[in-house]
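Chains E and A, in that order, are what the protein sequence lines are.
With our numbering as the guide, the letters of the first sequence map in order to residues 466 to 679.
With our numbering as the guide, the letters of the second sequence map in order to residues 162 to 528.
Note that beta-carbon positions come from the ideal geometry of N, C-alpha and C, so glycine has one too.
Just so you know, these numbers come straight off a predicted model, no measurement behind them.
Everything on this sheet refers to the single structure shown next.
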Amino acid sequence: MKWFLGHLGQVGSLMVNHAVLAVAPLVIGLLLAVPLGWLAQRYRWLRTPLIAGTGLLYTIPSLALFILMPLVLGTGILDPVNVVVALTVYTVALLVRTVADGLASVPQEVLQAATAMGIGNVRRFWSVELPLAVPVIAAGLRVAAVSNVSIVSVAALLGIPQLGSLFTDGFARAFLDPIVVGIIACIVLALVLDLAIIAISRAVTPWRRTQVPA
Amino acid sequence: MIRFTDVTKVYPGGTTAVGGLSLTAPTGQITVLVGPSGCGKTTSLRMINRMIEPTSGTIEIDGRDTGTLDPNELRRGIGYVIQSGGLFPHRTILDNIATVPLLLGWDRARARARAQDLLERVGLDPVLGKRYPNQLSGGQQQRVGVARALAADPPVMLMDEPFSAVDPVVREQLQDEFLRLQSELGKTIVFVTHDIDEAVKLGDQVAVLRVGGRLAQLASPAKLLSDPHDDFVADFLGRDRGYRGLAFAEAPELPLRDEPVVLLGSSVEQAAAIAAGDRWVLVVDEARAPLGWAEPGVLTGVIDRDHLHRGGTVARVGGSLRAALDAALSSPSRRGVLVDDADSLVGTVRAPDVLAAIERRPDGVPA
Numbered sequence: 466m467k468w469f470l471g472h473l474g475q476v477g478s479l480m481v482n483h484a485v486l487a488v489a490p491l492v493i494g495l496l497l498a499v500p501l502g503w504l505a506q507r508y509r510w511l512r513t514p515l516i517a518g519t520g521l522l523y524t525i526p527s528l529a530l531f532i533l534m535p536l537v538l539g540t541g542i543l544d545p546v547n548v549v550v551a552l553t554v555y556t557v558a559l560l561v562r563t564v565a566d567g568l569a570s571v572p573q574e575v576l577q578a579a580t581a582m583g584i585g586n587v588r589r590f591w592s593v594e595l596p597l598a599v600p601v602i603a604a605g606l607r608v609a610a611v612s613n614v615s616i617v618s619v620a621a622l623l624g625i626p627q628l629g630s631l632f633t634d635g636f637a638r639a640f641l642d643p644i645v646v647g648i649i650a651c652i653v654l655a656l657v658l659d660l661a662i663i664a665i666s667r668a669v670t671p672w673r674r675t676q677v678p679a
Numbered sequence: 162m163i164r165f166t167d168v169t170k171v172y173p174g175g176t177t178a179v180g181g182l183s184l185t186a187p188t189g190q191i192t193v194l195v196g197p198s199g200c201g202k203t204t205s206l207r208m209i210n211r212m213i214e215p216t217s218g219t220i221e222i223d224g225r226d227t228g229t230l231d232p233n234e235l236r237r238g239i240g241y242v243i244q245s246g247g248l249f250p251h252r253t254i255l256d257n258i259a260t261v262p263l264l265l266g267w268d269r270a271r272a273r274a275r276a277q278d279l280l281e282r283v284g285l286d287p288v289l290g291k292r293y294p295n296q297l298s299g300g301q302q303q304r305v306g307v308a309r310a311l312a313a314d315p316p317v318m319l320m321d322e323p324f325s326a327v328d329p330v331v332r333e334q335l336q337d338e339f340l341r342l343q344s345e346l347g348k349t350i351v352f353v354t355h356d357i358d359e360a361v362k363l364g365d366q367v368a369v370l371r372v373g374g375r376l377a378q379l380a381s382p383a384k385l386l387s388d389p390h391d392d393f394v395a396d397f398l399g400r401d402r403g404y405r406g407l408a409f410a411e412a413p414e415l416p417l418r419d420e421p422v423v424l425l426g427s428s429v430e431q432a433a434a435i436a437a438g439d440r441w442v443l444v445v446d447e448a449r450a451p452l453g454w455a456e457p458g459v460l461t462g463v464i465d466r467d468h469l470h471r472g473g474t475v476a477r478v479g480g481s482l483r484a485a486l487d488a489a490l491s492s493p494s495r496r497g498v499l500v501d502d503a504d505s506l507v508g509t510v511r512a513p514d515v516l517a518a519i520e521r522r523p524d525g526v527p528a
């Protein structure tokens, strides 16, 4: 506790770094997963290769991916872009299936009604399918957010500063306090992200909070 | 007018859903497509607004080949109602109804005013407009579905089993209101159902389709019931065809008898006196609307609603022979109750008198 109070500023800035490294890939990953999930849902023959293929990406060990990124991207080993890109890969891996499932959860008769009223395919996607897929997509997003917060800490092994740095630091000095603070800070961050996703999802789906007649 | 000319739909697997269908749905009338599962009735309906493209043949609406029109523009000019409404769960009732007007570029205020107007037109409370579909009952959702289809005032409406997901009582209400609405609006309607009773009740003309999308018979409901073209149509129509056919025969002047009545709330002694030895006496309210039959011999005290026998149906003067006959057959006193348009008692009629009227009808089948 004493150590924590003495290093408030340091822990705070590591937490901000951590949050940015976890959230940026979440947003980018979602933007990539939506069209991929749409393709998987729209064209049946693409579904298995797309979902299995992106799912496989998640099995690549994170440390290996962080080390490989500079070779692929031509970036420096300490560049945070490596972390962002690697986590984006994981986010896409988790979200493509979720987006496809979310779009598949939209009732067929609703889609038919939309088409029958002369709503074109593009408009139908944005105004009907995506809004109705939000609850399922948000559930997947919550898993990806927590997973990202946890995986970001591995990047400390490469020397990219975030909450994981507290683990390597504490380990190197055989000093428990920063490790405990790091764990708690990770949990708090994951919780905050989770609640934020729930709040946003609820805000954009007002129809789900309505009283259903008996 | 919607005209099918030799329309065929063959699916990639080689199944023929619709085979060489030619028929005309006249302007301002309800044409019902009815048949067993797999008869291609829904496929036929969806080819009209090109949700399904025909393999061959043409479909024209008022002389224009739909195949040459932009599908989305075509669809915005055709109202479409499906089972359980197909409402957008994430939009309020008003926004659901305003969908097509907004697509057509109406400004928001006008679209909403129109939606509000339609909500009342289909018999819903205006406060429901701000709710979401899951807050409405199945019957209410179905009404919203109809309102949404009517929103841009399209001349043509397609209805795909719109009333089959609700319970029988609500279904009958919806059917009656649909007929009332249609009598005001005069749309050109193609209506799909698997329920022959619904087809016969709603259709100005009924097209019976057999499996493989072939037209078995196209006729008015009365003609269909009295003169089925073949065994398939006869079997599909089912039993009691003679009786059901009477629904389309307007009752001629029937020999009505004056019926002694007692007011609800009268004493049983008064009722017995009025019955004058008859076992049953008809109970009415202040406006002479019949409420039910009472049996003074087994009652004591004052006649209240719980005492009434309610088995008897009530027919309207100038209504169908079927309604008049049923009123007589269902009445415990065997006297069928007839009322005027204000639901006020006119008199009673006995089954032999109705049968005599049926006997007096000319032989042969209606056109």
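Which of helix, strand or coil DSSP assigns to G403(A): helix
For A603(E) and I665(E), the rounded distance between their alpha carbons: Taking the straight line joining both Cα atoms gives about 9 Å.
L319(A) and L206(A) closer than 7 Å at C-beta: With contacts defined by Cβ atoms closer than 7 Å, L319(A) and L206(A) form a contacting pair.
Minimum C-alpha distance to A436(A) - residue among R418(A), G480(A), G458(A): G458(A)
Rounded separation between T166(A) and V353(A) - CA only: Rounded to the nearest angstrom, the two C-alpha atoms are 19 Å apart.
Whole-angstrom C-beta distance between N210(A) and P159(A), which should lie under 8 Å: Coverage of chain A is limited to positions 162 through 528, which leaves residue 159(A) absent and any answer about it impossible.
CB contact flag (S481(A), A408(A), <7 Å): Yes. Within cutoff.
Nearest candidate by alpha-carbon position, reference I222(A), set P262(A), V351(A), T509(A): V351(A)
Where the beta strand (DSSP E) containing S183(A) begins and where it ends: Residue range 177-186 is occupied by the beta strand (DSSP E) that includes S183(A).
Neighbourhood of T474(A) by C-beta distance below 6 Å, restricted to the same chain and skipping five residues each side: D487, A488, S491
Strand pairing of W454(A), partner residues [DSSP]: L443(A), H470(A)
Residues of the segment 201-232 of chain A with Cβ closer than 7 Å to any Cβ of chain E, in chain order: Within the segment 201-232 of chain A, the residues whose Cβ lies closer than 7 Å to any Cβ of chain E are, in chain order, N210, M212.
Euclidean distance between Cα positions of V445(A) and V330(A): Between V445(A) and V330(A), the C-alpha separation is close to 25 Å.
Nonlocal neighbours in the same chain, by C-beta distance under 7 Å from G284(A), ignoring five residues either side: Taken in chain order, the residues that qualify are R304, E338.
For P626(E) and T633(E), the rounded distance between their alpha carbons: 10 Å
Span separating the alpha-carbon of E214(A) from that of V179(A): 12 Å
For L460(A) and H468(A), believed in contact at Cβ under 8 Å, the rounded distance: 6 Å
CA nearest to the CA of D514(A), picked from V429(A), P413(A), G426(A): P413(A)
Residues bridged to D321(A) (per DSSP): I243(A), V353(A)
Exposed unless 16 or more other CB atoms sit within 10 angstroms - verdict on R562(E): buried
Where the alpha helix (DSSP H) containing A650(E) begins and where it ends: 641-669
Residue range of the beta strand (DSSP E) that includes I220(A): Taken as a continuous stretch (DSSP letters only), the beta strand (DSSP E) holding I220(A) covers 217-222.
Residue-chain proximity (P596(E), chain A), Cβ-Cβ < 7 Å: At least one chain A Cβ lies under 7 Å of P596(E).
Top-ranked residue by Cα proximity to L279(A), from Q431(A), D268(A), P262(A): That would be P262(A), whose Cα lies nearest to the Cα of L279(A).
Counted within 10 angstroms of its Cβ, other Cβ atoms place E359(A) as buried (16 or more) or exposed: In summary, E359(A) is buried, with 16 or more beta-carbon neighbours lying within 10 Å of its beta-carbon over all protein chains present.
D231(A), buried or exposed, once every other Cβ within 10 Å from all chains shown has been counted against 16: exposed
Beta-carbon neighbours of I243(A), restricted to chain E and to distances below 9 Å: Those are E574, Q577, A578, A581, listed as they occur along chain E.
Ordered list of beta strand (DSSP E) runs contained in the segment 471-497 of chain A, each at least 3 residues: 475-477
The segment 591-625 of chain E: positions lying closer than 8 Å to chain A by Cβ: V593, P596, L597
Within chain A, the residues that I584(E) reaches when beta carbons sit closer than 8 Å: By Cβ distance, chain A contributes N233, T260, L264.
The segment 522-535 of chain E touching the segment 550-557 of chain E, judged by at least three CB pairs closer than 8 Å: yes
Distance, T169(A) Cα to L386(A) Cα: 28 Å
Close-in-space but distant-in-sequence residues of the same chain around V394(A) (CB under 6 Å, 5 per side omitted): V369, A377, Q378
Chain E residues whose Cβ lies nearer than 7 Å to that of F352(A): Near F352(A) there are no residues of chain E at all, since even the closest Cβ is about 15 Å away, more than 7 Å.
Proximity test, Cβ basis, 7 Å: R236(A) and chain D: Considering every chain present, this structure includes no chain D. Its protein chains are E and A.
Cutoff 7 Å: Q302(A) Cβ touching any chain E Cβ: Chain E, which has no Cβ nearer than 7 Å to the Cβ of Q302(A), makes this no.
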